[in-house]
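One structure is given here, and the rest of the page talks about it.
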Amino acid sequence: MTTSAHVPVELAALKRRITRHLWLHASPPLEGSSSPEELQFLLETTLRSDARRIVEIGFNGGFSAQTFLSAHPDTTVLSFDLGRRRAARTGKAYVDELFPGRHTLIEGDSRFTVSQYAGEHPGETFDLAFIDGGHAYENAWADITNLRALCRTGTTVVMDDLVPWRPWGAGPARAWSQAITEGLVDQHELYQDGKRVATVGQRATRAWALGSYRALPVVCC
């Protein structure tokens, strides 16, 4: 991926600003929030794909949501998050303060809330999906499969936490590999700590993939 000529925000500064806001409101973010390099990737992916409607699983303190919303004044974001931590509530209020009317947060277990939302909004689809939710295999697999109902064939999907040798990465890595094998997604690019790679090495701190959803199988008769 080439760096965009005009990047509307400086991502390291954005992360510092959000982190400071959360701490000032006694709402420290969870460990493992997106790095500045990953936020840069998400921003550039949004710009490159010209995405306007974005869905994400995993909100934390709103780092990725604010990054997406900064990409274009018409961008909207739908986030799914457990919502159990104060950081999510504080982060949501901060997003609404800066980007009023452009963000929706659905709280609860995404294994159920994503399917429920899709059922209540038939035909609604998104241009870009970012998956950074539960780290257990069952959660990651459910997130990949359930989000398909909110995406079109070819919708861009970014899968985070593909570091199987780390406790939080085994489940997402297994689920993503299975999704490729079963023909649910195509993987186009792979990144390690902000750099595109052919394979992820065990020195990686963060790793993620860029892919797209494939066509759903045709059910005959």
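For the sequence shown, the positions run -5 to 215 when my numbering is used.
No residue lacks a Cβ here, since even glycine has one placed at the ideal position from N, Cα and C.
None of the values given here were measured: they were computed from a predicted structure.
Take residue i as the anchor and find which of the options has the nearest alpha-carbon.
i, options, result
"E32", "R208, L204 and G177", "L204"
"V71", "D155, I51 and R80", "I51"
"F124", "T149, T107, E132 and R105", "T149"
"S58", "P161, V152 and A20", "V152"
"L41", "A20, T69 and W17", "T69"
"D155", "W170, T61, T139 and L210", "W170"
"I174", "I138, L18 and K189", "I138"
"F93", "G195, G117 and Q60", "Q60"
Quick check: what's the CA-CA separation for residue i versus residue j?
i, j, result
"H0", "L36", "Its pLDDT being 41, under 50, H0 is placed unreliably by the model, and the measurement read from it follows with that caveat. When rounded, the distance between both Cα atoms is 14 angstroms."
"T199", "V191", "14 angstroms"
"T13", "A7", "10 angstroms"
"T(-4)", "R46", "Reliability fails at T(-4), whose pLDDT of 39 lies under 50, so the model's placement of it is uncertain and the value that follows must be treated cautiously. Answer to the nearest angstrom: the Cα atoms are 20 angstroms apart."
"R83", "L99", "10 angstroms"
"Q186", "W159", "14 angstroms"
"P2", "D121", "At P2, the pLDDT of 48 sits below 50, so the modelled position is not reliable and the matter cannot be decided from this model."
"G55", "A81", "5 angstroms"
"K9", "V89", "13 angstroms"
"S109", "L16", "30 angstroms"
"D103", "D75", "7 angstroms"
"G143", "T107", "Note on identity: in this sequence residue 143 is Ala, with Gly being the wrong assignment. Distance between the alpha carbons of A143 and T107: 12 angstroms."
"L63", "I48", "9 angstroms"
Going by the CB atoms, is the gap between residue j and residue i shorter than 7 angstroms?
i, j, result
"E101", "G77", "yes"
"A130", "G95", "no"
"S28", "F53", "no"
"A209", "T147", "yes"
"V157", "A201", "yes"
Assign residue i to one of two classes, buried (16 or more other C-beta atoms within 10 Å of its C-beta) or exposed (fewer than that).
i, result
"R105", "buried"
"H115", "exposed"
"L5", "buried"
"H182", "exposed"
"K189", "exposed"
"A65", "buried"
"G177", "exposed"
"Q196", "exposed"
(message) Threshold first: 3 residues or longer. Then list the beta strand (DSSP E) segments lying entirely within the stretch 26 to 61, N to C.
(response) 47 to 51
Please specify which runs of the beta strand (DSSP E), each continuous and at least 3 residues long, are wholly inside the stretch 113 to 139, giving them in chain order. 120 to 125
Could you tell me which whole alpha helix (DSSP H) segments of length 4 or greater appear in the stretch 61 to 118? 80 to 92 and 104 to 114
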